[in-house]
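Asker:
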Amino acid sequence: MSQPPPSSRPPYAGPWGSLPERPAGRTETRPTPAPEDKGQGVVWGLLSTLLLGGFIWYLSQSWVIAVAAIVGLFVHEYGHVLAMNRLGMGPAKIFIIPFLGGLARGQRMPKSEWDGVLVSLAGPAFGLLAAIPFLGLYFWTGQGMWLNGVFAIGLINLVNLAPAPPLDGSKALGPVLARIHPMVEYGAMIAVGALVVWWGVSNGSFIFAAFLAIALIGHLKRGRWRPEGRQLSWSEAAMSVGLFGATTIACVAVTTSAFLIPTGGDIQGAFDMIARFAGFGR
């Protein structure tokens, strides 16, 4: 996940409304820049990582999955950091949230919604690179447990593409849907958010489901959550959809390859294994 810093400027209303008019005759004063975010402390960062890794191990009963999830999380968030720094939002920092996951936070808001889309998709796209060592260990040792790590990394990045706040998919597709009409984004966010929460509850991931439910309710209460800066053009909206689709295909390919390889390309057998694995929290 990626999270820009709170802005001291008036919120960009975008499709949700118009900016309030300035009173005539008043001189606009520049707000004092917010102090730079120093990031997460080393001790708290290590403790948070251990708590998160232990929680994943408790759910999956696999140290390979726990290690892969932590490695995949850091690589995923570092993808956001690279994009933020490249687009002038840095220096970005990584924060680990116990029992939930992580997020990357920049020091500045994106200059445009297009920059926000690039930052949001950089995490899942870059995060897939974390699967390479685990895939290499499988071919080197022939032990199928390493493919569990490949699947876990693919799944982490794939779930993050769901267009439900605060996941990356909501920041990648949200501006596109709002470009069509604000209610399109609003409806899609509620529908997908409810679906993801239901999935979390159904497989026993109650903390994950509660986290998403709270985030969804918070976004709905805020009413305005379009980033500051220039809106997407129609050409940028089309490119956003294309990049989102390509990233999704890559995540699906990595996730399913973890089970297509040991089944010798048997698609039905692979998806049966995936269905059983996805319900490990039950």
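In my numbering, the protein residues as written are 77 to 358. Even glycine gets a Cβ: it sits at the ideal position worked out from N, Cα and C.
(1) Measure from the alpha carbon of A144 to the alpha carbon of each residue in L158, G164, I208, S196, then state which is nearest.
(2) Have a look at I132, V119, L205, S138 and flag the residue whose alpha-carbon is nearest the alpha-carbon of F171.
(3) Check whether the region 126-143 touches the region 174-190, counting contact only when three or more Cβ pairs, one atom from each stretch, lie closer than 8 Å.
(4) According to DSSP, simplified to helix, strand and coil, what is K247?
(5) Report the residue from G199, M160, A314, W139 whose alpha carbon sits nearest the alpha carbon of G245.
(6) Specify whether the region 209-223 and the region 331-339 touch according to this definition: at least 3 beta carbon pairs, one from each stretch, less than 8 Å apart.
(7) For V226, collect the residues of the same chain with a Cβ closer than 6 Å to its Cβ; drop the 5 residues on either side in sequence, then sort them by chain order.
(8) Output the distance between the C-alpha atoms of G155 and F202, rounded to the nearest integer angstrom.
(9) Buried or exposed, going by whether 16 or more other CB atoms sit within 10 Å of the CB of P239?
(10) Quick check on DSSP: helix, strand or coil for G269?
(11) What's the call for H257, buried or exposed, on a 16-neighbour Cβ count within 10 Å?
(12) What does L179 pair with, by DSSP beta-bridge criteria?
(13) Please state if the CB of G250 and the CB of M265 are separated by a distance shorter than 9 Å.
Answerer: According to the structure shown:
(1) I208
(2) V119
(3) yes
(4) helix
(5) G199
(6) yes
(7) A207, F210, L211, A334
(8) 5 Å
(9) buried
(10) helix
(11) exposed
(12) F171
(13) yes
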